[in-house]
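Accompanying notes for the structure given below.
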Amino acid sequence: MTLKKKSLSEQIAIVTGGGTGIGRAFTEALASAGARVVIASRRAETLQRAADELNAHIGVERVYPHAFDVRDLAQTEALVRSVVERWGTIDVLVNNSGLAVPEMVEAITEEGWDTVMETNLRGAMRLVRACLPHMVKNDFGDIINVSSQAGKHGYADVPSYCASKFGLLGFAEAVRDHVRKAGANVRVFNFCPGLVDVEHTAATDEPRPGSVHVSNMARTLMYALSLDRDVVLEDINIYSR
Ligand SMILES: NC(=O)c1ccc[n+]([C@@H]2O[C@H](COP(=O)([O-])OP(=O)(O)OC[C@H]3O[C@@H](n4cnc5c(N)ncnc54)[C@H](OP(=O)(O)O)[C@@H]3O)[C@@H](O)[C@H]2O)c1
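Position in the sequence shown counted from 1, then plus 3, gives you our numbering.
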């Protein structure tokens with residue numbers, strides 16, 4: 004069976020947390036390759052500044068800011084609705100928004116636990132739930148989840164973060180099983196990075212010792228997306244050696 008293909012210049016992406024760090028590097032790579040990218044997170048000014056800088060760098064408007072809180076169901080559904088109304092499709096969903104609340108096991112607060120779970124896990128689930136029907140209907144889609152090394156190994160100082168990132172991988176595996184059984188042309192990738200330096204991001208910057216330069220994340224994303232439609236790079240464990 005020949006699976007539908009689309010060039011990146013025909014694709015629409017949502018990158019949560021696309022105004023900073025890893026998400027911004029993903030956005031730059033996708034937009035430079037021709038995709039239109041909606042970057043979405045809470046800080047409208049940060050998003051606007053990132054969009055302005057990236058559009059100026061690329062020389063054409065391809066990055067669009069959208070302020071929303073991934074913990075808010077109505078705002079999450081409004082984000083997806085606005086993208087579909089404007090472009091009629093969502094081809095790439097990057098679940099990148101995330102945070103950690105460092106609290107040792109005996110000191111975990113209800114609030115800290117909920118903040119991490121709502122942001123890193125429930126938010127990603129809601130976005131997948133809202134985007135997947137459009138991907139299935141349009142017979143094309145890629146979902147990229149940014150988990151972590153802490154989604155594969157437990158660390159005493161961030162137990163809630165570990166639980167959320169392990170959970171994200173479990174959810175992704177269930178989604179992958181679902182799209183495979185449904186015969187949908189949708190791939191699900193997970194990034195499980197070790198430390199990524201999101202401060203020294205210029206091409207000429209040296210990353211902190213023990214950290215990966217963020218450009219490696221972007222290059223790996225573009226490589227993963229370039230694979231044949233029947234090939235999925237399931238979990239991408241990327242570390243500084
Ligand atoms: N850097 C690393 O070493 C590393 C390693 C492994 C995994 N990761 C994962 O990589 C992802 C990106 O992290 P980063 O390192 O690039 O740090 P970052 O710059 O702090 O990125 C986190 C992003 O999440 C967004 N965000 C946080 N809460 C949100 C909310 N409630 N609603 C919507 N967006 C929200 C933030 O934007 P706003 O503040 O504007 O909302 C921000 O853009 C995270 O999921 C992180 O867990 C990072």
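Just so you know, even glycine gets a beta-carbon here, dropped at the ideal spot from N, CA and C.
It should be emphasised that the depicted structure is a prediction, and the values quoted were computed from it without experimental measurement.
Inset, instruction - Give every residue whose Cβ lies closer than 6 Å to any heavy atom of ligand 1, listed in chain order. - result: Of all residues, those with a beta-carbon under 6 Å from at least one heavy atom of ligand 1 are T19, G20, G22, T23, G24, I25, G26, S44, R45, R46, T49, D72, V73, R74, N99, S100, G101, L102, T122, V149, S151, P196, L198, V199 and V201, reported in chain order.
Legend entry - Residue span of the beta strand (DSSP E) that contains N123, given as start and end: Boundaries for N123: no beta strand (DSSP E) harbours it, and the DSSP string shows neither H nor E there.
Inset, instruction - Please say whether G22 and A59 have beta carbons closer to each other than 8 Å? - result: Contact flag unset, no.
Legend entry - For L96 and R84, the rounded distance between their alpha carbons: Straight through space, the alpha carbons of L96 and R84 are spaced by roughly 14 Å.
Inset, instruction - Just mark R46 as buried or exposed, buried being the case when its beta carbon has 16 or more other beta carbons within 10 Å. - result: Result: exposed.
Inset, instruction - Kindly indicate which three-state DSSP category Y226 falls into: helix, strand or coil? - result: Per DSSP, reduced to three states, the secondary structure at Y226 is helical.
Inset, instruction - Could you name each continuous alpha helix (DSSP H) segment of 4 residues or more that falls completely within the stretch 83 to 171, going from the start of the chain to the end? - result: Restricting attention to alpha helix (DSSP H) runs no shorter than 4 residues, the stretch 83 to 171 encloses them at 113 to 120 and 126 to 140, ordered along the chain.
Legend entry - The alpha helix (DSSP H) enclosing R27, as first and last residue numbers: First-last of the alpha helix (DSSP H) with R27: G24 to S35.
Inset, instruction - Please name the residue in L33, S218, G157 and L224 whose C-alpha comes closest to that of V235. - result: Nearest of L33, S218, G157 and L224 to V235, Cα basis: L224.
Inset, instruction - Report buried or exposed for E31, applying the criterion of at least 16 other Cβ atoms within 10 angstroms of its Cβ. - result: With 16 or more Cβ atoms within 10 Å of its Cβ, E31 is classed as buried.
Legend entry - Span separating the alpha-carbon of E106 from that of R125: Cα-Cα distance, rounded: 20 Å.
Legend entry - For H60, the residue or residues it bridges with in DSSP: For H60, which the question treats as bridged, DSSP gives no partner whatsoever.
Legend entry - Close Cβ partners of L57 (< 7 Å) along its chain, the five nearest in sequence each way excluded: Closer than 7 Å at the Cβ level, and outside the excluded window around L57, lie T30, E31, A34 and V66.
Inset, instruction - Indicate the three-state DSSP secondary structure (helix, strand or coil) for A205 in the structure shown. - result: DSSP places A205 in coil when its eight states are reduced to three.
Inset, instruction - Give me the Cα-Cα distance between V63 and K168, rounded to the nearest whole angstrom. - result: Going by the C-alpha atoms only, they are around 35 Å apart.
Inset, instruction - Compare the C-alpha of H69 against each of N123, M4 and A43 and name the closest. - result: Checked all of N123, M4 and A43; the closest Cα to H69 is A43.
Legend entry - Range of the contiguous beta strand (DSSP E) that encloses R238: In the sequence as presented, Arg is not what sits at residue 238; that position holds Asp. Counting along the chain, the beta strand (DSSP E) containing D238 begins and ends at D238 to I241.
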